[in-house]
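Participant:
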Amino acid sequence: MATRSVAVAGAPPTFRERTQWGMAFERFRAHRPAVVGIAVLSALALLCAAAPLVSPYDPEKTALLLIYEPPSPAHPFGTDGIGRDLATRILYGGRVSLSIGLLAVAVAVSLGTLVGVIAGFYGRWVDSVLMRFVDMMYSFPRLFLLILFGVIFKGMTLPVIVTVLGLLSWMSTSRLVRASFLSLKQREFVEAARTIGASDRRIIVRHILPNSLAPIIVAATLGVAAAIIAESTLSFLGLGIQPPTPSWGNMLKDAPSEMDKAPWMAIFPGLSIFLAVVSINFIGDGLRDAFDPRHVLGRR
Amino acid sequence: MGRFVLRRLLQALPLLIAISAVSFAILKLTPGGPLAAYEGNPLFTDEDRKRLEHAFGIDQPVPLQYLSWLGQFVRGDWGYSFASHQPVLALVAERLPNTVYLMGTVFVTVLLLAIPIGVFAAVKQYSWFDHVVTGTTFAFLSTPTFWLGLLLIIVFGLQLRLFPLGGIDTPGQPFNLFDRLRHLVLPVATIALVQLGSHVRYLRASMLETINQDYMRTARSKGLGERAVVLRHALKNAAIPLVTVVALDVPELFAGALVTEQIFGWPGMGRLFWDAATRFDYPVLMGILTVSSALIVLANLFADVVYGYLDPRIRFG
Chain A
1 MATRSVAVAG APPTFRERTQ WGMAFERFRA HRPAVVGIAV LSALALLCAA APLVSPYDPE
61 KTALLLIYEP PSPAHPFGTD GIGRDLATRI LYGGRVSLSI GLLAVAVAVS LGTLVGVIAG
121 FYGRWVDSVL MRFVDMMYSF PRLFLLILFG VIFKGMTLPV IVTVLGLLSW MSTSRLVRAS
181 FLSLKQREFV EAARTIGASD RRIIVRHILP NSLAPIIVAA TLGVAAAIIA ESTLSFLGLG
241 IQPPTPSWGN MLKDAPSEMD KAPWMAIFPG LSIFLAVVSI NFIGDGLRDA FDPRHVLGRR
Chain B
1001 MGRFVLRRLL QALPLLIAIS AVSFAILKLT PGGPLAAYEG NPLFTDEDRK RLEHAFGIDQ
1061 PVPLQYLSWL GQFVRGDWGY SFASHQPVLA LVAERLPNTV YLMGTVFVTV LLLAIPIGVF
1121 AAVKQYSWFD HVVTGTTFAF LSTPTFWLGL LLIIVFGLQL RLFPLGGIDT PGQPFNLFDR
1181 LRHLVLPVAT IALVQLGSHV RYLRASMLET INQDYMRTAR SKGLGERAVV LRHALKNAAI
1241 PLVTVVALDV PELFAGALVT EQIFGWPGMG RLFWDAATRF DYPVLMGILT VSSALIVLAN
1301 LFADVVYGYL DPRIRFG
């Protein structure tokens, strides 16, 4: 960042306007792991999106003469028990797993924000009822419920798994949003808005919500990682996305019985989950630091 | 304090009833049921169905069914498994100790390791030890439990042949402590490493915050040794929030146990739940859901009490 401090003799010093978001962006850019996370995740997402262009193989076509091929130049991650190219299936599976992560969080964050706004803004008995409900949702072992829904739906399609994951993961967002609404609604700028006759809706959407965005964004980012892990666990147990459609989780379903003859089947799909989740967690970490005004640029 | 505990227990009661009611409602949505075995049997007439539905009580409205379940549940009659016809209470009582044995070992291992590692990493912030710890914990936090289990089996079970691939002990042998411990290592490592990641990171962050407090300077300036300052003044304060974090992780512990029991063939409650779920055996599912959510609620309650005990600033009002 040396260029910024160089003052050219004679020229008047220039001042750049620094907005909250601009400063956050600069802090984010200085967070090296987060930037690497963005790069890795984008590369992974692009490869998955361009799967038909990247790979010459069909993800679902079997090749019975090429079963349990160890990794080789033709099949960089080897093949599975019915001769399908593992690398290709990982790319196609990534489309499913990454989409589920993003969409489930979209559902969870919308629902969580809605509940948090209502509880935090209106307070009183509405707040008590909603928060007791959140307590209750927290007291369920989430994986047990996921398994039950998996059994009810006899394995899940993408829309079902997105809905179920979303409906079971909105609670932390609602608590964050509620807490931030509780403190912000006491502030002078809300008072001021109310004095000039702004409606509840306008106060919520234009005045309070933008100020509670930072924790929502961080929670959402980390939520994507959690959703990817949840989906993969469920599909690994055989209750999520059903074969032959690949997902990173269901590709590992057969791994336990094949581990001694084809360990690559257990390693590579898991490695892609790990890579995606680690990148997302780094991004979330970077965002958290970036939004925290106590982190001053240049101190790290 | 006694009154506080009592009041929190009384508050937990409606929560537990609500949880069991919702579980009951969800289970009513599941297909199957006690008559599933007879469906499609040509000798099974509508009259038989009516008679059996009456015998099982499922011709009643769902809220009434729930109330009669609740009444029997508190009296210790948890119903009978549709699959094995054994009493649910006996099934759960048989499996729960194995899960508690697994989870308890994980819990103790994680705390014994997390505290020294977290403290040391914070005290030596930005040292190579701190960097290694921060990196490793981040990696474990991002690893799905089931995949970590598979990797541990491949490396330590199949390649190095150091540990058995599954089970709680070697079948058909008399009790042998060493054998038991060998079977414990991989399942415990699977859950513990992931949990260790989150707890170490939490404790490190909390220690770093405490280390910069004024009372740390005071403690040093009155001549206390570094050891006393770190352990007695910093750790004691930094560890308080950890109590809540540990309690909030209990559901994670259950999830970890279910996956791990599945991979390692561990005869615990998670496996029982899995078997019951795939057979639509809802008396068993209902029993497990109630027991595990009760344990989660109790863990939170316990954390609240311990928290208040450790932090005198919190008063039981």
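Taken in sequence, the protein lines are chains A and B.
Per the working numbering, residue 1 is the first one in the first sequence, and the count goes up by one each step.
Per the working numbering, residue 1001 is the first one in the second sequence, and the count goes up by one each step.
The beta-carbon is built from N, C-alpha and C at its ideal position, and this holds for glycine as well.
From the beta carbon of residue 1147 of chain B, is the nearest beta carbon of chain D less than 8 Å away?
Facilitator: In the structure shown, chain D cannot be found, because the protein chains are A and B.
Participant: Between the stretch 1256 to 1284 of chain B and chain A, which residues of the former have CB atoms less than 8 Å from a CB of the latter, in chain order?
Facilitator: The residues in question are 1258, 1259, 1262, 1263, 1273, 1274, 1277, 1278 and 1280.
Participant: Could you check whether the stretch 144 to 157 of chain A touches the stretch 85 to 102 of chain A, counting it as contact only if at least three pairs of C-beta atoms, one from each stretch, sit closer than 8 Å?
Facilitator: The stretch 144 to 157 of chain A, when compared against the stretch 85 to 102 of chain A, does not touch it at the 8 Å Cβ threshold.
Participant: Which term fits residue 299 of chain A, buried or exposed, when burial requires 16 or more other beta carbons within 10 angstroms of its beta carbon?
Facilitator: If you number the first sequence from 1, residue 299 of chain A lands on position 299. Residue placement at residue 299 of chain A is flagged as unreliable, the pLDDT there being 40, under the threshold of 50; a coordinate-derived value is accordingly withheld.
Participant: Could you compute how far the alpha carbon of residue 1298 of chain B sits from the alpha carbon of residue 1288 of chain B?
Facilitator: For the purposes of this step, residue 1298 of chain B is taken as residue 298 along the second sequence, with counting starting at 1. For the purposes of this step, residue 1288 of chain B is taken as residue 288 along the second sequence, with counting starting at 1. Answer to the nearest angstrom: the Cα atoms are 15 Å apart.
Participant: For chain A, check one thing: does any of its Cβ atoms lie closer than 8 Å to the Cβ of residue 1142 of chain B?
Facilitator: Along the second sequence, one-based indexing puts residue 1142 of chain B at 142. True, the Cβ-Cβ gap to chain A drops below 8 Å.
Participant: Is there a Cβ of chain B sitting closer than 8 Å to that of residue 85 of chain A, yes or no?
Facilitator: By 1-based counting over the first sequence, the position of residue 85 of chain A is 85. No, no contact with chain B.
Participant: In chain A, which residues lie less than 7 Å from residue 1171 of chain B when you measure between Cβ atoms?
Facilitator: Taking the first residue of the second sequence as position 1, residue 1171 of chain B is located at position 171. Near residue 1171 of chain B there are no residues of chain A at all, since even the closest Cβ is about 19 Å away, more than 7 Å.
Participant: Please list the partners that residue 225 of chain A has in chain B, where partner means a Cβ-to-Cβ separation under 8 Å.
Facilitator: Start at 1 with the first residue of the first sequence, and residue 225 of chain A comes out as number 225. Going along chain B in sequence order, the residues near residue 225 of chain A (Cβ under 8 Å) are 1142.
Participant: Answer with yes or no whether the minimum CB distance from residue 144 of chain A to chain B is below 8 Å.
Facilitator: Translated into positions along the first sequence, residue 144 of chain A becomes position 144. Closer than 8 Å: yes.
Participant: Is it a yes or a no for the stretch 1214 to 1234 of chain B touching the stretch 107 to 121 of chain A, going by three-plus beta-carbon pairs under 8 Å?
Facilitator: Judged by Cβ distances under 8 Å, the stretch 1214 to 1234 of chain B makes no contact with the stretch 107 to 121 of chain A, as fewer than three pairs qualify.
Participant: Count the C-beta pairs between the stretch 1265 to 1284 of chain B and the stretch 1050 to 1066 of chain B that are closer than 8 Å, then say yes if the count reaches three, no if not.
Facilitator: As far as the Cβ criterion goes, the stretch 1265 to 1284 of chain B does not touch the stretch 1050 to 1066 of chain B, which means the pair count is below three.
Participant: Short of 7 Å Cβ to Cβ, which residues in the stretch 1240 to 1255 of chain B face chain A?
Facilitator: Listed by position along the chain: 1251, 1254 and 1255.
Participant: Consider the Cβ of residue 1020 of chain B: report whether some Cβ of chain A lies at a distance smaller than 8 Å.
Facilitator: Indexing the second sequence from 1 puts residue 1020 of chain B at position 20. Answer no: the Cβ-Cβ gap between residue 1020 of chain B and chain A never drops below 8 Å.
Participant: Provide the residue span of the alpha helix (DSSP H) that contains residue 1307 of chain B, from first to last.
Facilitator: Taking the second sequence and counting its residues from 1, one reaches residue 1307 of chain B at position 307. From DSSP, the alpha helix (DSSP H) with residue 1307 of chain B extends over 1282 to 1310.
Participant: Can you tell me the Cα-Cα spacing of residue 1083 of chain B and residue 94 of chain A, whole angstroms?
Facilitator: Sequence index remark: in the second sequence, residue 1083 of chain B carries index 83 (1-based). Sequence index remark: in the first sequence, residue 94 of chain A carries index 94 (1-based). About 38 Å.
Participant: Can you list, in chain order, the residues of its chain with a C-beta nearer than 7 Å to that of residue 45 of chain A? Leave out the 5 residues immediately preceding and following it.
Facilitator: Locating residue 45 of chain A in the first sequence gives position 45, where the first residue counts as 1. Closer than 7 Å at the Cβ level, and outside the excluded window around residue 45 of chain A, lie 98.
Participant: For residue 71 of chain A, which residues from the same chain have a beta carbon less than 7 Å from its beta carbon, with the 5 sequence-adjacent residues on both sides left out?
Facilitator: Mapped onto the first sequence, residue 71 of chain A falls at position 71. For residue 71 of chain A, where only same-chain residues beyond five positions count, the Cβ hits under 7 Å are 77, 78 and 264.
Participant: Could you pull out every residue in the same chain whose Cβ sits closer than 8 Å to the Cβ of residue 202 of chain A, ignoring the five residues on either side in sequence?
Facilitator: Translated into positions along the first sequence, residue 202 of chain A becomes position 202. Within the same chain, residue 202 of chain A has close Cβ partners 193.
Participant: At 8 Å on the CB atoms, spell out the chain A contacts of residue 1297 of chain B, in chain order.
Facilitator: Numbered from its first residue, the second sequence carries residue 1297 of chain B at position 297. Per Cβ cutoff of 8 Å: 139.
Participant: Is there at least one Cβ from chain B nearer than 8 Å to residue 259 of chain A's Cβ?
Facilitator: Counting from one through the first sequence, the residue named residue 259 of chain A turns up at place 259. So yes, residue 259 of chain A belongs to the interface.
Participant: Would you check whether the ligand PLP has a heavy atom nearer than 7 Å to the C-beta of residue 192 of chain A?
Facilitator: Because no ligand of any kind appears in the structure shown, any question about the ligand PLP cannot be addressed here.
Participant: By Cβ distance, which residues of its chain are closer than 6 Å to residue 214 of chain A, with the 5 residues on each side in sequence left out?
Facilitator: By one-based count along the first sequence, residue 214 of chain A stands at place 214. Excluding sequence neighbours, residue 214 of chain A sits near 291.
Participant: Identify whether residue 1005 of chain B lies in helix, strand or coil by the three-state DSSP scheme.
Facilitator: Reading the second sequence from its first residue, position 5 is the one you call residue 1005 of chain B. Looking at residue 1005 of chain B - three-state DSSP - the assignment turns out to be helix.
Participant: Three-state secondary structure (DSSP) at residue 1048 of chain B?
Facilitator: Mapped onto the second sequence, residue 1048 of chain B falls at position 48. In this structure, residue 1048 of chain B counts as helix in the three-state DSSP scheme.
Participant: Evaluate residue 1226 of chain B with the Cβ neighbour count: other Cβ atoms within 10 Å of its Cβ, from every protein chain shown; 16 or more gives buried, anything less gives exposed.
Facilitator: Here residue 1226 of chain B corresponds to residue number 226 of the second sequence, with the count starting at 1. It is exposed - the Cβ of residue 1226 of chain B has fewer than 16 other Cβ atoms within 10 Å.
Participant: Distance, Cα to Cα, residue 250 of chain A vs residue 52 of chain A?
Facilitator: Within the first sequence, the letter at position 250 stands for residue 250 of chain A. Within the first sequence, the letter at position 52 stands for residue 52 of chain A. Going by the C-alpha atoms only, they are around 20 Å apart.
Participant: For the stretch 1064 to 1089 of chain B, list every residue whose C-beta sits within 9 Å of some C-beta in chain A, in sequence order.
Facilitator: Of all residues in the stretch 1064 to 1089 of chain B, none has a Cβ within less than 9 Å of some Cβ in chain A.
Participant: Going along chain A in order, which residues have a C-beta closer than 7 Å to the C-beta of residue 1154 of chain B?
Facilitator: Mapped onto the second sequence, residue 1154 of chain B falls at position 154. Going along chain A in sequence order, the residues near residue 1154 of chain B (Cβ under 7 Å) are 259, 263 and 266.
Participant: What does DSSP give as the partner residues of residue 156 of chain A in its beta bridges?
Facilitator: The residue you call residue 156 of chain A lines up with position 156 of the first sequence. Bridge partners of residue 156 of chain A: A:241.
Participant: Show which residues of chain A have a CB atom less than 7 Å away from the CB atom of residue 1139 of chain B.
Facilitator: Along the second sequence, one-based indexing puts residue 1139 of chain B at 139. Going along chain A in sequence order, the residues near residue 1139 of chain B (Cβ under 7 Å) are 278.
Participant: Short check: CB of residue 1080 of chain B to CB of residue 1283 of chain B, under 8 Å?
Facilitator: Mapped onto the second sequence, residue 1080 of chain B falls at position 80. Mapped onto the second sequence, residue 1283 of chain B falls at position 283. In contact: residue 1080 of chain B and residue 1283 of chain B (Cβ atoms closer than 8 Å).
Participant: Taking all protein chains shown into account, do 16 or more other C-beta atoms lie within 10 angstroms of the C-beta of residue 1146 of chain B, making it buried, or fewer, making it exposed?
Facilitator: Reading the second sequence from its first residue, position 146 is the one you call residue 1146 of chain B. Buried, by the Cβ-count rule.
Participant: So residue 1289 of chain B contacts chain A; which residues on that side make the cut at Cβ distance below 8 Å?
Facilitator: Walking along the second sequence from the start, residue 1289 of chain B turns up at place 289. By Cβ distance, chain A contributes 140, 141 and 144.
Participant: Using a Cβ-Cβ distance under 8 Å, would residue 255 of chain A count as near chain B?
Facilitator: By one-based count along the first sequence, residue 255 of chain A stands at place 255. Yes, residue 255 of chain A lies at the interface with chain B (some Cβ there is under 8 Å from its Cβ).
Participant: Where residue 1303 of chain B and residue 1173 of chain B are concerned, what is the direct C-alpha to C-alpha distance, given to the nearest angstrom?
Facilitator: By 1-based counting over the second sequence, the position of residue 1303 of chain B is 303. By 1-based counting over the second sequence, the position of residue 1173 of chain B is 173. Taking the straight line from one Cα to the other gives about 40 Å.
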